[in-house]
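Q:
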Amino acid sequence: MSEPTESHLARRIWRSVFPTPLIPADDRERRRAVVETLLLHIHPPTVPARALRFTHTWGLGGMGLVLLVLLAGTGAMLMLAYRPSPAEAYASVQALIRETGFGPFIRNIHAWSANLLLVVAFLHLLRVFFTSAFLGPRQFNWVIGLLLLFCAMAANFTGYLLPWDQLSYWAITIVTGMLAYVPLAGPWLQELARGGEELGAAALNNFYTLHTTIIPVLFLLLLPWHFFRVRKAGGVVLPHRHDEELPDPPERVNTLPDLVVREFTVALVLIAALAVFALLVDSPLGGRANPGMSPNPTKAPWYFQGFQELLLHFHPVFAVCVLPLSSLLFFVLVPYLRYDSDPSGVPFVSPKGLKITRFAALTALVAVPALVLFDELSGASARLAAWLPPLIGNGLIPGLTLAGLLLGFRQAVRSRYAPNRNEWVLAFVVLLLTGFLLLTLISVLFRGPGMALSWPL
Amino acid sequence: MKRKKPPIKTPQAAPSQARSAAPDSPGRRSFLWRLWLALGLATAAELGWIGESFFRPRPRVRAAAQRWIVAGSVDLFPPGSVTPFPRGKLYLARLPDGGFLALSRSCTHLGCSLPWDEKRQEFVCPCHGSAFDIRGEVRQPPAPRALDLFPVSIENNVVRIDTGRTQRRGTFDESQVARPF
């Protein structure tokens, strides 16, 4: 207080808002600045030097946060332009594109960020999985992460309907159509989602409210919890080779600037890339929704097309209920299974784990396209469904075939690698995820009119 | 074989009278804990009930005049013809033998709208390639069941369709057909 008052008013105001320099000169002050600054306060004053390795986390969690901030900002702008009723929705999107200054740019940023968020969140999940970062104190954070991924998918899906064009109308029709096949609760679930027998004003209102209020609130609750858990677990897992002992205590560096500068760089590069992409590529908009005419082919949003591909081969009860729910349950339980070792931070558990990962991915890469082609060329699932009750011919028989193939895979992995429990989980997760990715790719790229297999372009 | 019931041992039953009466006994604590749990579950169920009732779509109540579509006189529809009624989201099919069926235009697989293919004489779904014949029977999966029906009534040679409710069915059978006399 005894300091002489600084002469310049602007400088005095700046000082009152930011008491410390942007990057203070000495280490002690830098650590203090992290604790004293609201935004930086989510970080500890120092972090282990190893945790900063870019090829360990790839900055994926941070990218997710940046995308969510962009989505919130552009989303609020779009809300000002959009009118959520079947009569006006499409026209308001057209007006946004044709008449509003930077309308297409804001819409594109919103749409591409939303799609990219799913990719980034999925890659983040893979990074966490492959570095065994779901073990120990991080068990429950894996579950929160899955909830966040679910929220991201729900946000994408509810936003997809809003333009009320042919793409969105029919994509949402067939995905809500899938709900009807959930045993017992199906028709009830479907009517709740659609707000009636078919998509109309009630559905649009429901989707709009979910998209602009309920899901954002869920994000606001879950994200801080996710970050808090990361802090409480002592930050991210520290990367190391399987035969390498981590130094105890690990070498630490200052959060400011070492971590903050890296985060800042990732955020800026991401935003710049998105802005360029949004300028060059427009988010698609079909014709106005026409409930009387389904376009051919009608496809679900790309992140649900794996299920749509399953539907071509399996009875709907299996394709939209048994297989997805059992895989989901498996994923939630991944951190709670019994394991033989704690390889937190070791990529792919061990060198053997890396080989198993390659083997499992390669198996899926061969088996999934082969099975799809076999079914397409022989018409096996259609024929079985024709002369047996559909639930058996189209459900039980392919289901048991799949189980048999899984047993074969298990036998092959056992005899080749004799894996421990960690490596077993690795094998099955890689097989499942690669398989699902391939189904999605097949449906997105290789399904043409009438959903027949066709060559893209 | 006689089965003897094993004595029931629960945490509440096991401790002696004197201990379970103590203010801080494990028996009392676990009982209170369960009571709270039960109350919590009951509250969750009530909130769920309120939420579900609030969001459940109300059935559309429509006046009879709006519900019924007067399709026209029987002879307007030659046997073997399929006529769309976009207002009712349905097709009126006259079977080759003269009977009438009002078929929903929604595919039973995932709800896409079906166009009638005159050349192939079937409904072909653009979404997943399901096909249905003029009776709404599945010719090509993945559709799991025949097309939904709307009730048809024929009085004084005039065909009328009740669009108020759909009837689900597994397969076609003779009793579903409305016939003029």
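Protein chains in written order, with this note's numbering: chain A, 4 to 460; chain B, 9 to 189.
A virtual CB, placed ideally from N, CA and C, is assigned to each residue, including glycine.
#1: Rounded to whole angstroms, what's the CA-CA distance from G106/B to D181/B? Just pull it up for me.
#2: Name, going along the chain, the residues of the stretch 363-393 of chain A whose beta-carbon falls closer than 8 Å to a beta-carbon of chain B.
#3: Across which residues does DSSP place R255/A in a beta bridge pair?
#4: Interface residues of chain B around M82/A at Cβ under 9 Å?
#5: I believe P304/A touches A174/A by the beta-carbon criterion, under 8 Å. Please report the beta-carbon distance rounded to the nearest angstrom.
#6: Decide if the stretch 403-421 of chain A is in contact with the stretch 449-460 of chain A; the criterion is three or more beta carbon pairs, one per stretch, under 8 Å apart.
#7: Would you mind stating whether L273/A and M80/A have Cβ atoms separated by less than 7 Å?
#8: So, does the CB of P23/B fall closer than 7 Å to a CB anywhere in chain A?
#9: Should L195/A be listed as close to the ligand HEM, given that the test is whether its C-beta is under 6 Å from any heavy atom?
#10: Establish whether the CB of F188/A and some CB of chain B are separated by less than 7 Å.
#11: Please go through the same chain and pick out, in chain order, the residues whose beta-carbon is closer than 7 Å to the beta-carbon of Q148/B, but skip the five residues on each side of it.
#12: In angstroms, rounded to a whole number, what distance separates the CA positions of P219/A and T23/A?
#13: Between which two residues does the beta strand (DSSP E) harbouring Q148/B extend?
#14: Could you check whether the Cβ of P65/B sits closer than 7 Å to any Cβ belonging to chain A?
#15: Report the option in Q142/A, T58/A, G402/A, V233/A whose CA atom is closest to the CA atom of P319/A.
#16: Since C154/A contacts L221/A with CB under 8 Å, what's their CB separation in whole angstroms?
#17: At the 7 Å Cβ level, is G137/B part of the contact set with chain A, yes or no?
#18: Quick one: what's got a C-beta closer than 8 Å to P298/A's C-beta in the same chain, skipping five residues either side?
#19: Below 9 Å on C-beta distance, what does N397/A contact in chain B?
#20: With three or more C-beta pairs closer than 8 Å as the rule, is the stretch 95-115 of chain A touching the stretch 278-296 of chain A?
#21: Counting only C-beta atoms, is P134/B closer than 7 Å to chain A at any point?
#22: Sort out for me which residues DSSP pairs W3/A with in a bridge.
#23: If you run the structure through DSSP and keep just helix, strand and coil, what is E130/B?
#24: Nearest to G172/B by CA position, among V146/B, F158/B, A46/B, is which residue?
#25: Between A186/B and F93/B, how many whole angstroms is the CB-CB distance? I'm expecting something under 8 Å.
#26: Specify the secondary structure class of D141/B as computed by DSSP and reduced to three states.
#27: Using the C-alpha atoms, what's the distance from A275/A back to D378/A?
#28: Can you give me the C-alpha to C-alpha distance between A188/A and R95/B, rounded to a whole angstrom?
#29: Rounding to the nearest angstrom, what Cα-Cα distance links Y93/A and L332/A in this structure?
#30: If you draw a straight line from the alpha carbon of F362/A to that of H316/A, how long is it in whole angstroms?
#31: What does the Cβ neighbour count give for H11/A, buried or exposed, with the cut at 16 atoms within 10 Å?
#32: Would you identify the three-state DSSP class for V90/B, choosing helix, strand or coil?
#33: Between N299/A and chain B, is there a C-beta pair that is closer than 7 Å?
#34: Quick one: list the residues of chain A neighbouring G59/B, beta-carbon separation under 8 Å, in chain order.
#35: At 9 Å on the CB atoms, spell out the chain B contacts of E194/A, in chain order.
#36: For the stretch 312-332 of chain A, list every residue whose C-beta sits within 8 Å of some C-beta in chain B, in sequence order.
A: Per the coordinate set shown:
#1: 15 Å
#2: Those residues of the stretch 363-393 of chain A that come within reach of chain B (Cβ to Cβ, closer than 8 Å) are S384, A385, A388, A389, P393.
#3: P51/A
#4: Going along chain B, no residue has its Cβ under 9 Å from M82/A, so there is no contact; the nearest lies around 22 Å.
#5: 6 Å
#6: no
#7: Result no, Cβ atoms of L273/A and M80/A do not sit closer than 7 Å.
#8: Interpretation of P23/B is limited by its pLDDT of 49, a score under 50 that renders its predicted location unreliable; the figure taken from the coordinates is listed afterwards. Judged by the 7 Å Cβ criterion, P23/B is not in contact with chain A.
#9: As presented, the structure is devoid of all ligands, the ligand HEM included, so that no description of it is given.
#10: The sequence shown places Ala at residue 188/A, not Phe. Not one beta carbon of chain B lies nearer than 7 Å to the beta carbon of A188/A.
#11: G137, S138, A139
#12: 33 Å
#13: 146-148
#14: yes
#15: Comparing Cα-Cα distances from P319/A to each of Q142/A, T58/A, G402/A, V233/A, the minimum goes to G402/A.
#16: 5 Å
#17: At a cut-off of 7 Å between C-beta atoms, G137/B counts as an interface residue with respect to chain A.
#18: Q169, L170, W173, G289
#19: Neighbours of N397/A on chain B, chain order: P149, P150, P152.
#20: Yes: the two stretches touch, three or more of their Cβ pairs being nearer than 8 Å.
#21: yes
#22: Outside the displayed span of chain A (4 to 460) sits residue 3/A, for which this structure offers no information.
#23: strand
#24: F158/B
#25: 15 Å between Cβ atoms; not a contact.
#26: D141/B falls in the coil class under three-state DSSP.
#27: A direct Cα-Cα distance of roughly 44 Å separates D378/A from A275/A.
#28: The straight-line gap from Cα to Cα measures roughly 30 Å.
#29: 38 Å
#30: 25 Å
#31: exposed
#32: strand
#33: yes
#34: None at all; the shortest Cβ gap to chain A is about 10 Å.
#35: R64, P65
#36: Flagged, chain order: L314, L315, H318, P319.
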